[in-house]
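Colleague:
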Amino acid sequence: MSERESAEGDGLNDIERTDKEHVFGTWSYQKEVSPTQVVDADGVRFTTADGDEYIDFSSQLMCSNLGHSADRIADAVDEQMRDAAYVSPGYTTENRAKLGEKLAEITPGELSKTFLSTSGTEAVEAAIKIARFYTGKQKIISRYRSYHGATYGSISVTGDPRRLESEPGIPGTIKAPDPYAYGSTLDPMESVEYIDEMLELEGDTVAAILVEPIVGSNGILVPPEEYLPRLKEVAHDHGALLICDEVMAGFGRTGEWFGCDVFDVEPDIMTMAKGLTGAYQPLGATIVTPEIADHFEENMLCHGHTYAGHPAAVAAGRAAIDIYQEENLIERASEVGEYLGDRIDELADRHPSVGDTRGVGLFRGIELTKHPEKRVPFGERADKISPGSTVVDEVSATAADHGTYVANMINTLIIAPPLTITEDEIDEAIAAIDAGLEVSD
Ligand code: PLP
């Protein structure tokens, strides 16, 4: 990739410098923010202002599931914006009604009525409120290795270090251990029995257990087959709901519509965002069972946003689901995902710094280790809100030098390409990561 010089010596072009001066970077020390200007994106690739082209092996923030520049979604949004750019949530549009119907069709079991918002964070906020209103109980159990959003409710149920600066957060949030076979001393199935005991000790005060069915940014953790069914049983035995946060695992990433479909589990409440519109518009959704929906016939649902179900966003969501269905992208993710898994396992064979590879479909992680037998992680940067390893950052940077963007977090490369990726494109990206892993070996 091109080496850039600039008169100011900061390596930024004028647009990037203006952006850095006037727009906050998220989750960052601002002095470290170094935005790169993207000028074009098409299919699984994007191009920067320098003319460098990258394979998008993480769908940007694990959200561009349909790849870039899908005209059909752009046209649907354009048409809606010209017909009626905005109507308040008390009105509706054809796109909103049809999207609600579609979500009831593609989500598991009886889940049928959706609360709309504009992000994953807001979808989780709505889930917390709905669970509290419905059960009349306040506490939410979530897990340590989790991310559920950035606002006060959703960051309080988040387990990873991003929560620390916002603590103590909202009252009534309790963290439980994770099903993390590679990195935890607890066996995954022991961890669910631990939650059973927690519920026992909390008495009848827990509204819900909230989990990512397959953990995303905290390392692509796939629990054993029996874990999620047992977790639902444990929740229901104690009068608590099961909330599945499908913001990252949903919309085909796992080769099923949703992460909980991998385990054949129907949650009581499910949150969605990211792949819901394929990232063409910001949209969040929280879908519930008919029993929960009925509760709010006679009890007020005290929640809402100006842009809940914004006409342009629901137009994008509806068009995106049509594409997933008509192009059979869920089945495709399962098939191509097998190939991706094989190619990643080859990397594990070649590189001693690959400690563990895991995942399902097009949702995969490569966890790096300083010492393969002892599973020693690379040093974490304790001064970071979200600790990353400088080594894993360097692996990503080297892969980028070889033309592939791959996200990472806490010692793990997060591989989540658009569902449209081909085997040849996977080969290209794997070659770039192969070069990157030379750095960590
Ligand atoms: N839940 C999960 C599982 C996520 O991965 C994320 C974001 O990465 C969120 C919630 C928050 O979504 P958003 O960033 O759209 O607010």
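Just so we're aligned: 136 in my numbering is position 146 of the sequence shown, and the numbers increase by one with no gaps anywhere. Built from N, CA and C at the ideal position, the CB exists for glycine as well. Please read all numbers here as calculations on a predicted model, not as lab measurements.
To which residues of the same chain is V147 closer than 6 angstroms at the C-beta, ignoring the five residues directly before and after it?
Modeller: Around V147: I130, S132, H138, T163, L200.
Colleague: Between which two residues does the beta strand (DSSP E) containing M399 stretch?
Modeller: Counting along the chain, the beta strand (DSSP E) containing M399 begins and ends at 397 to 399.
Colleague: Of the residues H295, A230, F36, which one's Cα is nearest the Cα of D194?
Modeller: Of the candidates H295, A230, F36, the one whose C-alpha sits nearest the C-alpha of D194 is A230.
Colleague: With a 10 Å radius around its C-beta and 16 neighbouring C-beta atoms as the bar for buried, classify H12 as buried or exposed.
Modeller: Under this definition H12 is an exposed residue.
Colleague: Decide yes or no for the touch test of the stretch 310 to 320 against the stretch 100 to 118: beta carbon pairs closer than 8 angstroms, at least 3 of them.
Modeller: Result no; under three Cβ-Cβ pairs closer than 8 angstroms.
Colleague: Could you check whether G245 and S324 sit closer than 8 angstroms to each other, using their CB atoms as the reference points?
Modeller: Against a cut-off of 8 angstroms, the Cβ pair of G245 and S324 comes out as a contact.
Colleague: Between the Cα of I356 and those of P408, G426, V304, P301, spot the shortest distance and give me the residue it belongs to.
Modeller: Of P408, G426, V304, P301, the residue nearest in Cα terms is G426.
Colleague: Taking contact to mean at least 3 C-beta pairs separated by less than 8 angstroms, is the stretch 340 to 353 in contact with the stretch 196 to 211?
Modeller: Cβ pair count under 8 angstroms is three or more, so yes.
Colleague: Is the closest heavy atom of the ligand PLP to the C-beta of H300 under 7 angstroms?
Modeller: False, no ligand heavy atom lies under 7 angstroms from that Cβ.
Colleague: Hey, which unbroken runs of the alpha helix (DSSP H) at 4 residues or more fall wholly within the stretch 119 to 176?
Modeller: DSSP runs (the alpha helix (DSSP H)) wholly in the stretch 119 to 176: 142 to 147.
Colleague: Is the beta carbon of V67 closer than 8 angstroms to that of A263?
Modeller: No, these two residues do not count as a Cβ contact at 8 angstroms.
Colleague: Below 8 angstroms, can you find three or more Cβ-Cβ pairs linking the stretch 384 to 398 to the stretch 42 to 58?
Modeller: Because the criterion of three Cβ pairs below 8 angstroms is met, the stretch 384 to 398 and the stretch 42 to 58 touch.
Colleague: Identify which residue in E363, E287, L221, M238 has its Cα closest to the Cα of V255.
Modeller: Closest by alpha carbon: L221.
Colleague: Pull up the distance between the alpha-carbon of E363 and that of I185, whole angstroms please.
Modeller: So the two alpha carbons sit approximately 29 angstroms from each other.
Colleague: Since K21 sits in a beta bridge, which residues does DSSP pair it with?
Modeller: DSSP output for K21 lists no bridge partner at all.
Colleague: Excluding the 5 residues flanking Y329 on each side, which residues of the same chain have their C-beta closer than 8 angstroms to its C-beta?
Modeller: Answer for Y329: E413, I416, listed in chain order.
Colleague: Please classify F14 as buried or exposed, where buried requires at least 16 neighbouring CB atoms within 10 angstroms.
Modeller: When all chains shown are included, F14 counts as exposed.
Colleague: Check whether the stretch 51 to 62 touches the stretch 400 to 414, counting contact only when three or more Cβ pairs, one atom from each stretch, lie closer than 8 angstroms.
Modeller: Enough Cβ pairs lie closer than 8 angstroms, so yes.
Colleague: Considering only the alpha carbon of each residue, which of A197, T267, Q128 lies closest to K92?
Modeller: It is T267 whose Cα lies nearest to the Cα of K92.
Colleague: DSSP beta-bridge partners for T38?
Modeller: For T38, which the question treats as bridged, DSSP gives the partners V28.
Colleague: Determine, using beta-carbon pairs with one atom in the stretch 106 to 125 and one in the stretch 276 to 295, whether at least three such pairs fall under 8 angstroms.
Modeller: Enough Cβ pairs lie closer than 8 angstroms, so yes.
Colleague: Tell me C234's beta-bridge partners as DSSP assigns them.
Modeller: For C234, which the question treats as bridged, DSSP gives the partners V201, M260.
Colleague: Would DSSP call D431 helix, strand or coil?
Modeller: In this structure, D431 counts as coil in the three-state DSSP scheme.
Colleague: Does the ligand PLP have a heavy atom nearer than 7 angstroms to the CB of H58?
Modeller: H58: no, Cβ never under 7 angstroms from the ligand PLP.
Colleague: If you draw a straight line from the C-alpha of G110 to the C-alpha of E287, how long is it?
Modeller: About 25 angstroms.
Colleague: With a CB to CB cut of under 7 angstroms and the five nearest residues on each side skipped, what residues in its chain are close to D479?
Modeller: In this structure the chain extends from -9 to 431, so residue 479 is not present and cannot be described.
Colleague: Over the uninterrupted alpha helix (DSSP H) stretch that includes E91, give me the two end residues.
Modeller: Here the alpha helix (DSSP H) through E91 covers 84 to 96.
Colleague: Looking at the unbroken beta strand (DSSP E) that takes in A275, where does it start and where does it end?
Modeller: A275 -> beta strand (DSSP E) spans 274 to 278.
Colleague: In chain order, what residues have a CB nearer than 6 angstroms to some heavy atom of the ligand PLP?
Modeller: Listed along the chain, these residues meet the criterion: S109, G110, T111, V114, Y137, H138, G139, E202, G206, S207, D235, V237, M238, A263.
Colleague: Comparing alpha-carbon positions, which option in R35, K10, W17, T37 lies nearest P25?
Modeller: Measuring from the Cα of P25, the nearest candidate turns out to be K10.
Colleague: If you draw a straight line from the alpha carbon of I375 to that of S174, how long is it in whole angstroms?
Modeller: Low confidence applies here, because I375 scores a pLDDT of 44, under 50, leaving its location unreliable; read the following figure in that light. Looking at the two C-alpha atoms, the distance is approximately 22 angstroms.
Colleague: When you compare the CB positions of I313 and V34, do they come within less than 8 angstroms of one another, or not?
Modeller: It is not a contact, given that the beta carbons lie outside the stated cut-off.
Colleague: Run through DSSP, which three-state label would K364 get?
Modeller: Of the three classes helix, strand and coil, the one that applies to K364 here is coil, per DSSP.
Colleague: Since E202 and D235 should fall inside the 8 angstroms C-beta cutoff, what is the C-beta to C-beta distance between them, to a whole number of angstroms?
Modeller: Yes, they are in contact, since the Cβ atoms of E202 and D235 sit about 5 angstroms apart, within 8 angstroms.
Colleague: Smallest Cα separation from M(-9): which of A389, I423, A419, I400?
Modeller: When each option's Cα is compared against that of M(-9), the closest is A389.
Colleague: Would you kindly check if the distance between the Cβ of P272 and the Cβ of T82 is under 8 angstroms?
Modeller: Not closer than 8 angstroms, so no.
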